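Let me begin by presenting the structure, written as structure tokens, before commenting on it.
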Amino acid sequence: MIREAIAKGETVEIAFANACRELGVETTEAEFEILELPQKKTFGLFGGAPARVRAYIEEPDPVPEKEERDPAQEAAAYLKSVLSEMGLPEATVEVHPVEAGAELVLGGDDIGFIIGHRGETLDALQYLASLVANHVDGSYFRITLDVGNYREKRKETLESLGKKMAARAVKTGRNSSLEPMNPYERRIIHTAVQTVAGAKSWSEGVDQGRHVVIGPEGGERPQPRRNDRRGGGRNGGGRGGRGGYNDRNRRPRNDRPRVNPAPRAEGPKTDDPNTPIYGRIEKK
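Heads up, the final residue of the sequence shown is numbered 292 in the numbering used here, and it's a clean run with no missing numbers.
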């Protein structure tokens, strides 16, 4: 693009300087073209004309401003179109900016069904909305989708579950596996387990089957064996010999059924009170 200005002056130099002043540049920055040379007056009294000069500079064409696109608004518009196809044309999408992203809150009548089983449908919509947002400018933009404060309620439920299972693991010395969860929910469980002394958690499985396992620190403890033997003699608890006669006076024993003695309580194999019940625990 060329900017120019035409000015007059008593001399070419003065006309050029006047033209540059109109352009707002120095004379060293512009080019010029003489349109008319100055003419002197005849006998110093008649005629005469000033010089006319065209000064110009060449500038690069202005770059059109890049259209600003908001990742959150793009994701919200996409969700509205999806919800409309799902039979919810009146559904609303509120955008709440958060650090490194935005939270999109869906609202409307009869919209609760899009949560799905344990939030599976909501998670799927959140994933698709995140893809749309991250394709706007290629940078990472975190999208969170919520309906009726479901995310906060689910978080409280998972935190309670994680602490409860961690306490059980410490008490019983056994590992417990939870149902498969997405990475966000697994992190909630891991954080909750860390608040219970003596418990730990880790993830196992792949893809859709990845789940959290909660167990005691140091590994599972050996469990005591059950003693199924019942008290009494060879004949089911009676003290008599063969044929149902008492060895002492050889009289027939009473026909009334006798109650077997209560089984003895399990305990250490030794009377030493310092002996551990479960033996030594080896670290894995």
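Glycine is no exception: its CB is placed at the ideal position from the N, C-alpha and C atoms.
Just so we're clear, the structure is a prediction, and the values are computed from it rather than from any experiment.
- Annotated three-state conformation of ILE122 is helix, per DSSP.
- Considering only ALA13, GLN47, ALA84, the residue with the shortest C-alpha distance to GLU41 is ALA13.
- Its Cα nearest to that of ARG62, the residue ALA15 stands out among ALA15, VAL201, GLY227, ALA207.
- Ranked by Cα distance from GLU160, the options VAL113, PHE24, HIS198, GLN202 are led by VAL113.
- Rounded to the nearest whole angstrom, the C-alpha separation of PRO68 and ILE10 is 8 Å.
- Between TRP210 and ASN142, the alpha-carbon positions lie close to 30 Å from each other.
- Within the same chain, GLU34, THR35, ALA38, ALA63 come within 7 Å of CYS28 by CB-CB distance, once the 5 residues on both sides are set aside.
- Note that the C-beta distance between ILE122 and LYS163 is not below 8 Å.
- In this structure the stretch 120 to 139 lies against the stretch 85 to 96, because at least three pairs of beta carbons, one per stretch, are closer than 8 Å.
- Taking C-alpha positions only, VAL204 is separated from LEU169 by approximately 12 Å.
- Contact annotation, HIS104 with GLU98: C-beta distance approximately 20 Å; criterion of less than 8 Å not satisfied.
- In terms of CA proximity to VAL20, GLU44 leads the group GLU44, LEU31, GLY32, GLU30.
- At the C-beta level, ILE222 and ASN183 come within 8 Å of one another.
- Contiguous alpha helix (DSSP H) elements confined to the stretch 74 to 159 occur at 79 to 93, 128 to 142, taking only those with 4 or more residues.
- Distance check between ARG176 and each of GLY206, ALA108, ASN190, ARG194 places GLY206 closest, using alpha-carbon atoms only.
- Going by C-alpha positions, GLU228 is about 50 Å away from VAL144.
- If only uninterrupted beta strand (DSSP E) runs of at least 3 residues are considered, those enclosed by the stretch 164 to 244 are 207 to 212, 219 to 224.
- Around the Cβ of ALA108, a 10 Å sphere holds fewer than 16 other Cβ atoms; the residue is exposed.
- At a Cβ-Cβ threshold of 8 Å, GLU82 and VAL140 count as neighbours.
- Here ARG194 is buried, its C-beta having at least 16 other C-beta atoms within 10 Å.
- In this chain, the beta strand (DSSP E) harbouring VAL61 covers 59 to 66.
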